[in-house]
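Each residue of the sequence shown is one higher than the one before, starting from 73 at the first, in our numbering.
Below is one structure, written out as structure tokens, with a few remarks after it.
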Amino acid sequence: MDLANYVPSAFTGLMKNASELITFAYDVPFARAVVFGVPIGGHLFVEGLLLVVIIFLLSQKSYKPPKRPLTTKEIDELCDEWVPESFIPTVTEEMKKEVPVLLSAAGTHTIINGKEVVNFASANYLGLMGHEKLLDSCTSSLEKYGVGSCGPRQFYGTIDVHLDCETRIAEFLGTPDSILYSYGLSTMFSAIPAFCKKGDIIVVDEGVHWGIQNGLYLSRSTIVYFKHNDMQSLQSTLVKVTQDNKRAKKLRRYIVVEAVYQNSGQIAPLDEIIQLKEKYKFRVLLDESNSFGVLGKSGRGLTEHYDVPVDKIDIITAAMGHALASEGGFCTGSHRVVDHQRLSSSGYVFSASLPPYLASAAIAAIDVIEENPQLITKLRDNSKLLSTGLLGIKGLELANDIMSSLVFLRLKNSTGSLKSDLQVLEDLADRVLKEHSVFVTTSKRSFVDKCNLPVGIRIYVSAAHTESDLQKVPSDSGACSLGMCRGRLNPCVGFYNKLKTMNFV
73 MDLANYVPSA
83 FTGLMKNASE
93 LITFAYDVPF
103 ARAVVFGVPI
113 GGHLFVEGLL
123 LVVIIFLLSQ
133 KSYKPPKRPL
143 TTKEIDELCD
153 EWVPESFIPT
163 VTEEMKKEVP
173 VLLSAAGTHT
183 IINGKEVVNF
193 ASANYLGLMG
203 HEKLLDSCTS
213 SLEKYGVGSC
223 GPRQFYGTID
233 VHLDCETRIA
243 EFLGTPDSIL
253 YSYGLSTMFS
263 AIPAFCKKGD
273 IIVVDEGVHW
283 GIQNGLYLSR
293 STIVYFKHND
303 MQSLQSTLVK
313 VTQDNKRAKK
323 LRRYIVVEAV
333 YQNSGQIAPL
343 DEIIQLKEKY
353 KFRVLLDESN
363 SFGVLGKSGR
373 GLTEHYDVPV
383 DKIDIITAAM
393 GHALASEGGF
403 CTGSHRVVDH
413 QRLSSSGYVF
423 SASLPPYLAS
433 AAIAAIDVIE
443 ENPQLITKLR
453 DNSKLLSTGL
463 LGIKGLELAN
473 DIMSSLVFLR
483 LKNSTGSLKS
493 DLQVLEDLAD
503 RVLKEHSVFV
513 TTSKRSFVDK
523 CNLPVGIRIY
533 VSAAHTESDL
543 QKVPSDSGAC
553 SLGMCRGRLN
563 PCVGFYNKLK
573 TMNFV
């Protein structure tokens with residue numbers, strides 16, 4: 073018989089037999105019996121039969137193969153095959169590299185390996201490191217409170233100077249309230265999870281630093297990245313998030329950006345971000361670590377720089393280890409924003425509070441900023457001068473904005489891998505330190521940092537840097553090491569020659 077004809081006929085026969093069986097069940101005499109005056113139809117009989125079968129199957133024990141104990145030989149073989157997972161990643165040669173050790177304060181000039189160098193590696197933006205007023209404030213605080221607080225803020229770790237510092241920061245920025253953290257990075261990766269939970273949507277710049285990345289991870293929210301400092305990419309991302317997700321209007325939605333990006337030195341266009349925030353109904357979380365005390369006419373940060381009302385920003389955070397020359401961090405905003413963190417922010421609730429003398433130093437630093445607005449002007453002039461002088465370096469290009477005090481030099485043409493790019497830049501930084509006594513640092517990232525922006529050389533400009541510091545003319549080459557040639561804004565011949573000797577240009 074033809075197989076093509078056999079299969080349909082067999083299926084038809086099977087269906088016919090099943091139909092006859094069901095018909096028989098309905099037609100048998102007892103299928104329409106009457107029990108205690110209740111007529112029992114055929115379908116009830118079939119359903120009852122199925123119920124009995126189900127109960128029977130559920131009452132049976134699941135099948136388990138008989139267990140046989142392993143022999144001593146089998147146990148030894150399994151133990152020999154087992155390879156424990158390493159507690160730490162493999163230590164590479166790059167990890168073994170020793171970093172320069174400072175033998176003095178990290179001011180504009182410091183001592184490394186017994187030699188005085190010009191320091192462009194510390195974010196001492198206003199030159200307040202070692203300022204007399206800060207030192208006097210710290211000394212008085214140490215005599216009164218001692219060194220540490222020995223407890224979290226909610227467990228006997230709150231000292232009056234902490235409250236004074238929070239009030240001073242809020243007054244300076246024009247916000248209702250603020251909250252202190254004992255460590256700068258913990259501010260971001262504590263504040264974000266305090267407000268953002270699983271299911272929330274966070275739209276974030278792809279160039280944010282590791283502290284923000286860690287906060288995003290801990291929040292367990294849905295993270296959507298947009299291209300670095302690209303407002304068209306941000307807008308298209310917001311459109312996609314709000315239109316493609318029917319539940320978007322019921323979810324909490326945030327935009328997370330840095331005022332001055334640590335991984336590029338670029339300044340975020342806050343005015344455009346605010347327009348997009350209000351159009352698509354998002355909240356904005358802004359990190360002002362590299363703009364507080366730097367941008368704006370009086371150093372009040374990115375909001376003053378763009379003349380945007382500070383209440384347009386929902387949450388502002390910043391580290392105090394930069395312009396304020398202290399340590400710790402703060403978050404500022406409305407009373408509700410601050411009070412919520414006092415109960416739910418892990419870095420605030422469980423960490424020992426900021427040492428009192430550092431809070432006193434931060435208060436004194438803000439006083440100095442208000443009393444000396446010329447520091448902001450001097451910093452801005454130095455930043456423009458140095459960035460302009462570095463524009464002509466062959467083989468390198470400026471990634472930062474001219475107004476940024478975080479100057480970021482990157483390779484004009486990548487070698488093809490992040491590792492190779494970083495090696496070239498580190499060799500260059502080492503030579504500048506060794507040959508010209510200028511201390512700069514590369515944007516070296518840890519293996520947990522997920523930022524994919526090009527690496528570069530970070531140069532932190534300070535208001536305390538003098539013209540000679542910026543020019544820094546070495547006697548043996550007649551060309552400056554950081555782009556200024558005897559006061560003229562010319563391409564740096566010395567820097568170019570270093571790249572040339574490295575077969576880079």
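Just so it is clear, CB atoms sit at the ideal spot from N, CA and C, and this is done for glycine as well.
Taking K456 as reference, the option from E204, E539, D499, L358 with the minimal CA-CA separation is E539. Annotation for R325: no alpha helix (DSSP H) segment contains it, though the beta strand (DSSP E) segment containing it runs 325–330.
The three-state secondary structure of H300, taken from DSSP, is coil.
In this structure Y197 is in contact with A395, their Cβ atoms being roughly 4 Å apart against a cut-off of 8 Å. Only residues of its own chain outside the window of five on either side were considered, and among them P428 have a CB closer than 8 Å to the CB of K216, listed in chain order. According to the DSSP assignment, Y253 belongs to no alpha helix (DSSP H) but to the beta strand (DSSP E) extending over 249–253. For E188, the pairing in a beta bridge is given by DSSP as I183.
Annotated three-state conformation of I160 is coil, per DSSP. Cβ-Cβ separation between I388 and L358: approximately 5 Å, consistent with a contact (criterion under 8 Å). For the 8 Å CB-CB criterion, L463 and Y532 do not form a contact. Taking a cut-off of 8 Å for Cβ pairs, the segment 496–513 and the segment 259–272 do not touch, as fewer than three such pairs fall below it. The residues L374, Y378, V380, in chain order, have a CB closer than 6 Å to that of L342 in the same chain once the five nearest residues on each side in sequence are set aside. In this structure, L542 lies near N454, with their beta-carbon atoms less than 8 Å apart. Straight-line measurement puts the Cα of S509 at about 9 Å from the Cα of R503.
Between the segment 353–373 and the segment 435–447 there are three or more C-beta pairs closer than 8 Å, enough to call the two in contact. For D439, the enclosing alpha helix (DSSP H) covers residues 428–443. Around the beta carbon of E243, a 10 Å sphere encloses fewer than 16 other beta carbons of the protein chains shown; the residue is thus reported as exposed.
Under the three-pair Cβ rule at 8 Å, the segment 322–339 counts as touching the segment 293–301. Sorting L348, F511, G528 by C-alpha distance to the C-alpha of T487 places G528 at the top. Apart from the 5 residues on each side of it in sequence, I251 sits with its Cβ closer than 7 Å to the Cβ of E238, F402, C403, V410, Q413, R414, Y420 in its chain, given in chain order.
Looking at the DSSP output, F402 bridges to L252, A390. Taking C-alpha positions only, A397 is separated from S213 by approximately 16 Å. Spanning the alpha carbons of Q132 and G271 requires a straight line of approximately 42 Å. A buried status is given to D493, since no fewer than 16 other beta-carbon atoms sit within 10 Å of its beta-carbon. The C-beta distance from H234 to L426 rounds to 7 Å, short enough to fall under 8 Å. By a beta-carbon distance limit of 8 Å, E330 does not contact A320. Their separation comes to about 25 Å. Cβ neighbours of K384 within its own chain (closer than 7 Å, five residues either side excluded): I346.
A distance of 8 Å or more separates the beta carbons of S209 and S423. Nearest to L323 by C-alpha distance, out of Q307, Y352, G287, is Y352. Per DSSP, reduced to three states, the secondary structure at P265 is helical.
If you check the CB distance, E469 and K450 do not come in under 8 Å. Secondary structure at R372: coil, using DSSP grouped into helix, strand and coil. About 17 Å separates the CB atoms of A391 and G279; that is not less than 8 Å, and the two are not in contact. The residue from G223, L121, R325, G199 with its alpha-carbon nearest to that of L348 is R325. A direct Cα-to-Cα measurement between V275 and S305 gives close to 11 Å.
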